[in-house]
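Numbering (this note's numbering), first residue to last: 404 to 1234. Where a beta carbon is used, it is the ideal one built from N, C-alpha and C, also for glycine. Reviewing the structure listed below.
And the structure:
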């Protein structure tokens, strides 16, 4: 490829630029100029552009390429609009992938991680992402996880970090527990192994204390967050209104009360048995001695199933009769108590009242075990006892004592709650599906939990001046999961002294879930090198909440919910003055190939490095942005990076054709081209702000074509309107194709960098249209296009349309039934 001298091209269709040399050149310039370094003290209005914290798994792939390209459009646009922009990048470097790689290679996880980080940074720089590299950090650095541990201690002080024994999700492959949110479809979201249950003592964050506020906050976020993310969080939090109902259990060792939660207390007369989660402590406590062995045998099978499997409606129902009864608090009826796996131990008290006529899982269980079914709501459907299909709709109460004949559900619920409260056997209640966040992991590569266990003083927080509690050096076989944390084998590290009494004590050997690290990293970016505090509150309050957060929808519940929770706690601690961390969010789709997710086994993988080498960074970025709306998946098999490259070369050639001097008076330039330029620039701003980046690219393509047409049709390269249009192309392209844009800007006689050139100023008068094109349809087909005044009335537009000769021919004497007018753009004639 030939380098251009700046003079008009002798052969414009062949002239282009050397991609590799251009990329190398501008990387050096940007390194010297640091155009994207955010200034905390700048008087300009601040904007915070954040992309989701990446894990340094290796070199960049097509997914990174897409999200960085989309994110960069906004960040660069904000710089052009005159904002001071914080656009940082760091690495979520703790976690299982690095640890598993270290085991395979007999090395320390930090070695693997740092090599990947160095490779990722080099690739990001080549990819021309506008990150402020002066703020980079890694979560596995002691300087960072010191403050993760400090935040844990602050949560512990507030009663939000606690330890308890309970059945937990267990990944048999990774040999560690998982939070509920990390079990997807019954399997581990990291390795895909089927998740089982295990009884362990674990650390939790009390996210349920914030359940209602996390739900309420979505009412405001739904204006600027994707609908599917808001819906996912609402469903996961799962607020329901109902009642706590007290049943009396008649166990072998005497009577005891047990409370259950139900959303339909009005169906209590239909409760013909109770079910206790087989793996709940309650089941073992109340089982009749004659049935204890049967329960123990059943538990062996229960622990093999995931929560997802257990809740499935089409799974065969199994269970064990516990050999005891309970008293229904409204009917006085004695009903049997069973244990089954379709009830979860962490749902309320781990027990439910079963109303089989109106709940399908209860009905399936009743039919399998031969238990009674009693309909208490007549919905007009056939009797569930006969059909095997539970009825869940509204209707008239039957077999319900004082409710019989009532047809209003709200009144029925209210009446039963009033009776339960009067009898002291229950009360109205709100319940949430959300459970507390299990944060401890039985793996090495994560922040150690800063708690010391003393036989005298119990759980003792590590004093703040002893933070960070750094990881001992373990490699290879010492890291292999054994069902307990590898840290347990580091006896010199584990054995310590109690900060309270000075006696012998041991460190907690679990580490924190990596989602803890990524729940507060956005605050640290505001003062990343502060050695005295987790973050500078004044700087955080100046930059945050983040104006836009870009990342994958797969984190709709996991990371996004946890980050919102952290922010609310930090606000309650007085460290930040807002309660939501991200004002707006944008999800990108996936990059697939040949209709399927990229996979080596399918042979459809696309190597990003190969694409960059073949077409250049700009062409790949342009292709990804132009492919469609950001949230749509991109099938690379249908993309044309070579077409993108050809367009970029056409745009670049314009900059070589311009012969007018920089700053030339444009007022006398070609009016039609000036109008096109003004409209393109004006519309591009709105399009970026509404995330229609692909349309921005389309409009720039139209402007390039219009400029070329103006040059070739007699306007000439000396017309200042050509310079104005070409400079606008360079600035708009800087959002998507920064290397090409820089080359164009330099050839146009400007100092670098175009990224800080400023948004083109639009003469508002050029946006006023003298005429607009009104489309006239007859029987749904376009029959005329009329040039009319933008201010034309509906009556005048209708008259003009009906008077048009082409429209008259299309009507051809038929009766005009209706004329629909949308002045000044559309007339639809119905005949």
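Residue environment analysis places residue 1223 among the exposed positions, since fewer than 16 neighbouring C-beta atoms fall within 10 angstroms of its C-beta.
Pairwise C-beta distances place the segment 507-525 out of contact with the segment 426-438, as fewer than three of them are shorter than 8 Å. A check of alpha carbon separations from residue 859 across 835, 903, 812 and 1132 identifies 903 as the nearest. The three-state reading of DSSP puts residue 995 in strand, counting E and B together. By the neighbour-count definition (other C-beta atoms within 10 Å, threshold 16), residue 496 is a buried residue.
As computed with DSSP, residue 491 is found in a beta bridge with 535. By the CB criterion at 8 Å, residue 953 and residue 474 fall inside the cutoff. For residue 651, the enclosing beta strand (DSSP E) covers residues 642-654. A distance below 6 Å between beta-carbons, with the five flanking residues on each side excluded, links residue 526 to the following residues of its chain, in chain order: 462 and 463. Its chain contains 570, 680, 682 and 683 as the residues whose beta carbon lies nearer than 6 Å to that of residue 748, once the 5 sequence neighbours on both sides are disregarded; these appear in chain order. Your pair residue 967 and residue 948 does not check out as a contact, with CB atoms roughly 11 Å apart and the cut at 8 Å. Considered as a whole, the segment 687-745 harbours 722-730 and 737-743 as its complete beta strand (DSSP E) runs of no fewer than 3 residues, in chain order.
The three-state reading of DSSP puts residue 779 in coil, since its state is none of H, G, I, E or B.
Spatial neighbours of residue 1191 in its own chain (CB-CB distance under 7 Å, excluding positions within 5 residues in sequence) are listed in chain order as 1174, 1175, 1177, 1200, 1203 and 1227. The beta carbon of residue 1007 lies closer than 7 Å to those of 996, 997, 999 and 1001 in the same chain, with the five residues before and after it left out. Taking 8 Å as the cut-off, the Cβ atoms of residue 641 and residue 761 do not count as close. Setting aside the 5 residues that flank it on each side, residue 723 is surrounded in the same chain by 697, 698, 701 and 742, each with a C-beta closer than 6 Å to its C-beta; the list follows chain order. With respect to residue 489, residue 1094 sits apart: the two C-beta atoms are not nearer than 8 Å. Counting only residues of its own chain and dropping the five nearest sequence neighbours on each side, residue 768 has a CB closer than 6 Å to the CB of 720. Annotation for residue 896: 875 place their beta carbon closer than 6 Å to its own, counting only its chain and skipping 5 residues before and after. Residue 1106 places its beta carbon 8 Å or farther from that of residue 1133. Approximately 6 Å separates the beta-carbon atoms of residue 955 and residue 990; this is inside 8 Å, confirming the contact. Annotation for residue 972: the continuous alpha helix (DSSP H) segment containing it runs 961-975.
Beyond the five residues adjoining it in sequence on each side, residue 1014 comes within less than 7 Å, by CB distance, of 1023 and 1044 in the same chain, given in chain order.
Across the structure, residue 778 and residue 819 are spaced so that their CA atoms are roughly 17 Å apart. Per DSSP, the beta-bridge partners of residue 861 are 857. Note that the C-beta distance between residue 1096 and residue 842 is not below 8 Å. Between residue 443 and residue 942, the C-beta spacing is below 8 Å. In this structure, DSSP gives residue 530 a state outside helix and strand, which the three-state scheme calls coil.
In the same chain as residue 515, and ignoring 5 residues on each side of it, the C-beta atoms closer than 6 Å to its own belong to 501, 504 and 505, in chain order.
Residue state for residue 834 is assigned as strand, using DSSP reduced to three classes.
Residue environment for residue 936: exposed (fewer than 16 other C-beta atoms within 10 angstroms of its C-beta). Residue 1127 counts as buried, since no fewer than 16 other beta carbons sit within 10 angstroms of its beta carbon.
The beta carbons of residue 631 and residue 621 sit about 12 Å from each other, so the pair does not count as a contact at 8 Å. Taking the Cα positions, residue 979 is about 23 Å away from residue 959.
Around the beta-carbon of residue 1139, 16 or more other beta-carbon atoms lie within 10 Å, marking it buried.
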